[in-house]
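Start counting the sequence shown at 1; every next residue gets the next number (our numbering). A short write-up of the structure that comes next.
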Amino acid sequence: MSGVAELPSVGVWAEAAVGGARAAATALHDAIASDRLSHAWLLVGPDGVGQHELAVALASHANCREASVDARPCGHCDACLRSARDVHPALMTFEPDGAAHRVEDVRGAWTDAAMRTTPEARRKVLRIVAADRMNVAAQNAFLKLLEEPPASVVWILEAEDPGRLLETILSRCRRVDLPPWGSDDVRAWLGAQLGGGAGGGAEDVARIESAVCAARSSGDWLRGMRRDLAGVGPREAREVLDTVARLRDEHLGLVDLLAREGPGAVVPTAKRLVGVAKERREALADRHAAEMAALEEAYGVEGPRGWPPGVKARIEKRFERIARAEEQRTLRLTLDDLGGHLRDLVAVTAGADGDALINADRVEALQRDALRLHPVDLLAALDAVRECRASLDRNGAPELQLERLLLSIATSLYVRSAA
Ligand SMILES: [Zn+2]
């Protein structure tokens with residue numbers, strides 16, 4: 001790949017770049033423009049702020065079969081479609097299976113991917129999610145791959161905490177920072193997902209504002225929406241946001257419910273919340289099965305080409321891991337919403353309003369609730385939420401943990417508001 005003839009227009013990269021990732025897109029674009037594409041990039045930032053789009057843009061740029069005169073990736077050839085769906089053999093994503101990347105994976109799957117020849121691809125894009133979760137042994141094994149890069153390989157390392165990577169790795173990568181999304185980034189992105197404001201009106205504004213507040217409350221909300229909105233049209237996007245709003249309503253109703261009904265509400269509420277988390281895991285597994293069937297139809301065993309080697313097993317493994325994590329993720333965002341709500345109630349008592357609040361779309365309800373709850377109880381409840389979240393991360397029985405948390409909140413809020 002060389003020369004201006006193979007350039008995508010800057011527009012393609014701008015489209016790929018969402019939120020604060022435009023600087024990264026420009027850097028990648030310029031590197032290709034000057035034909036000085038580094039063989040290793042380090043994208044530093046929180047998960048899900050544009051890394052995937054950049055990897056797809058890079059892979060489709062590198063391997064498009066039908067680039068037009070200005071050589072934009074066409075977006076509809078086999079190579080572009082497979083890249084976008086993450087099933088192109090020349091775009092591989094490695095995620096840690098568990099807490100960390102294992103040295104066996106680096107020596108096995110990663111090395112195979114880097115060394116294997118891929119006849120249908122000009123360049124291979126190998127993406128390592130959470131590269132900062134390689135232990136030292138894995139990093140040393142990876143360093144060997146970086147030191148002798150096959151000409152066709154571009155590594156994309158993603159890290160939140162680059163300080164955990166060896167200096168020898170850092171010095172071989174070109175670093176680009178991807179800033180976390182602010183509320184305006186989320187708002188603009190959601191607006192585009194709903195069709196740029198055409199036809200939705202006031203309902204869409206409310207949907208978007210609710211989702212923006214959800215994203216402020218928990219990074220897990222934003223990651224989930226980024227996943228669920230990928231590749232869907234405005235109508236489905238509205239359904240996704242309505243589900244977010246419903247769940248958020250339930251979470252923001254917890255304090256009031258516990259204050260009104262007291263300890264009697266604890267057991268059924270904990271059961272319901274855990275049930276919702278399980279349902280979301282199952283719904284995701286169903287969606288994965290449908291996605292798999294669609295991919296089979298497009299590329300599968302029936303067709304003349306069949307699956308590229310290793311790709312099907314890789315996708316199945318990834319789907320399984322994502323579904324497994326969904327239950328925990330849902331419980332985490334339940335606690336984040338509850339914690340954010342309590343924090344808002346304390347803040348409102350101290351006179352805060354507007355954007356100083358997480359749930360800025362609920363100012364009136366917050367002011368009303370804050371009047372009948374005592375700040376001391378709210379602060380104690382906030383501590384209990386933090387404690388519960390930490391012990392949930394250590395993998396305790398979720399229903400029991402939630403019961404304990406809700407009981408401690410119910411006891412203090414109910415007694416005090418009854419008094
Ligand atoms: Zn193409």
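Note that beta-carbon positions come from the ideal geometry of N, C-alpha and C, so glycine has one too.
query	result
Quick one: residues in its chain with C-beta nearer than 8 angstroms to the C-beta of MET92, no 5 flanking neighbours on either side, listed in chain order?	ALA113, LYS124, VAL125, LEU126, ARG127, ARG314
Which of the three DSSP states is assigned to TRP189 in this structure?	helix
Is the beta carbon of ALA25 closer than 8 angstroms to that of LEU54?	yes
Straight-line CA distance for ASP184 to ASP353?	18 angstroms
Consider the C-beta atom of CYS77 and the heavy atoms of ligand 1; say whether any pair is separated by less than 7 angstroms.	yes
Looking only at C-alpha atoms, which of ALA141, LEU157, TRP110 sits nearest to VAL129?	LEU157
Check for me: the beta strand (DSSP E) holding GLU158 runs from which residue to which?	153-159
Alpha carbon to alpha carbon, how far is ALA410 from ALA277?	22 angstroms
If you draw a straight line from the C-alpha of VAL205 to the C-alpha of LEU402, how long is it?	33 angstroms
Grouping DSSP H, G and I as helix and E and B as strand, with all else coil, what is GLY3?	Any reading at GLY3 must be qualified, since the residue scores a pLDDT of 30, below 50, and its modelled position is unreliable; the value itself is stated next. Residue state, collapsed to three classes: coil.
Report yes if the C-beta of GLU66 is less than 7 angstroms from at least one heavy atom of ligand 1; otherwise report no.	yes
Check whether the Cβ of PRO89 lies closer than 7 angstroms to any heavy atom of ligand 1, and answer yes or no.	no
Using 8 angstroms as the threshold, is the C-beta distance between ARG329 and GLY182 below it?	no
What does the Cβ neighbour count give for SER412, buried or exposed, with the cut at 16 atoms within 10 Å?	buried
Who are ILE128's beta bridge partners in DSSP?	PHE94, LEU157
Tell me whether ALA40 sits in a helix, a strand or coil according to DSSP, three-state version.	strand
Buried or exposed: which applies to LEU400, given that a residue is buried once 16 or more other Cβ atoms fall within 10 Å of its Cβ?	exposed
Taking ALA230 as the reference, which of ASP86, PRO375, LEU58, PRO268 has the closest Cα?	ASP86
When DSSP labels each residue in this structure, what does HIS101 get in the three-state scheme?	strand
Along the chain, where does the alpha helix (DSSP H) containing VAL176 start, and where does it finish?	Not the alpha helix (DSSP H): VAL176 falls in the beta strand (DSSP E), residues 174-177.
Excluding the 5 residues preceding and the 5 following ARG164 in the sequence, name in chain order all residues of the same chain whose CB lies nearer than 7 angstroms to its CB.	ASP132
Assign ASP70 to one of two classes, buried (16 or more other C-beta atoms within 10 Å of its C-beta) or exposed (fewer than that).	Per-residue confidence for ASP70 stands at a pLDDT of 46, beneath the threshold of 50, marking its modelled position as unreliable; the derived number appears in the next sentence. Exposed, by the Cβ-count rule.
Around the Cβ of ASP369, are there at least 16 other Cβ atoms within 10 angstroms (buried) or fewer (exposed)?	buried
Starting from ASN63, trace the alpha helix (DSSP H) both ways and give me its first and last residue.	51-63
Taking all protein chains shown into account, do 16 or more other C-beta atoms lie within 10 angstroms of the C-beta of MET134, making it buried, or fewer, making it exposed?	buried
Please classify ASP337: is it buried, with 16 or more other beta-carbons within 10 angstroms of its beta-carbon, or exposed?	buried
Jot down the residue ranges of each uninterrupted alpha helix (DSSP H) in the stretch 185-266, minimum 4 residues, whole runs only, in chain order.	201-217, 219-228, 234-252, 254-261
Would you say the beta carbon of CYS388 comes nearer than 7 angstroms to a heavy atom of ligand 1?	no
Does the distance from the CB of VAL176 to the CB of LEU37 come in under 8 angstroms?	no
Closer than 7 angstroms to a non-hydrogen atom of ligand 1 - does that hold for the CB of CYS74?	yes
Express the C-alpha separation of GLU327 and VAL376 in angstroms, rounding to a whole number.	32 angstroms
Contact defined as beta carbons within less than 8 angstroms: I believe ALA188 pairs with LEU406. What is the distance between those atoms, to the nearest angstrom?	About 37 angstroms; that fails the 8 angstroms criterion.
Between the stretch 135-143 and the stretch 95-111, do three or more beta carbon pairs fall short of 8 angstroms?	yes
Along the chain, where does the alpha helix (DSSP H) that runs through THR118 open and close?	Here THR118 belongs to no alpha helix (DSSP H), and DSSP marks it neither H nor E.
Quick check: LEU335 and VAL385, are their CB atoms within less than 8 angstroms of each other?	yes
State the Cα-Cα distance for the pair ARG321 and GLU203, rounded to the nearest angstrom.	35 angstroms
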